[in-house]
Each structure stands twice: as structure tokens, then as C-alpha cells.
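Numbering (my numbering), first residue to last: 550 to 611.
In C-alpha cells:
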């Protein structure tokens, strides 16, 4: 036998919680984008920087 569906809470009770969860989700998304950007700008291109420094050192500019 199926359970009877439960009624949802009132919108007045849900509205602030939905707003808070949306703000927290947006903050987490922006932080994730910032962390990924920082990683790719600072760490992921280390091989490229190493090769550039070797080329510059070979021609005496470093």
C-alpha cells in the first residue's frame, strides 16, 4: 500500500532557506572558478615557464 504524500512546508518557511542555499551555491561556484583559474595560471604552466627560462638563459637574458 502506498504512503500518502506529505504536504510541503509553507512558502514563508521555505523562502529564506532557498535564498540562503542559492547564495551559498553561487559563492562555492565562484570560489571553484577562482581556484581553477589560479591553479592553471600559477601551477599548470610550470613546464612552459621552465622551457622559456632555459631558452632565455641560452641566449643570456636571464
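For glycine and all other residues, C-beta sits at the position ideal for the given N, C-alpha and C. These numbers come from a predicted model, not from an experiment.
If you follow the alpha helix (DSSP H) that residue 564 is in, where does it begin and where does it stop? 560 to 591 is the extent of the alpha helix (DSSP H) around residue 564.
Could you tell me the alpha carbon to alpha carbon distance between residue 577 and residue 559, rounded to whole angstroms? Between residue 577 and residue 559, the C-alpha separation is close to 27 Å.
My output table needs one value for residue 604: the three-state DSSP class, helix, strand or coil. Residue 604: helix per DSSP, three-state reduction.
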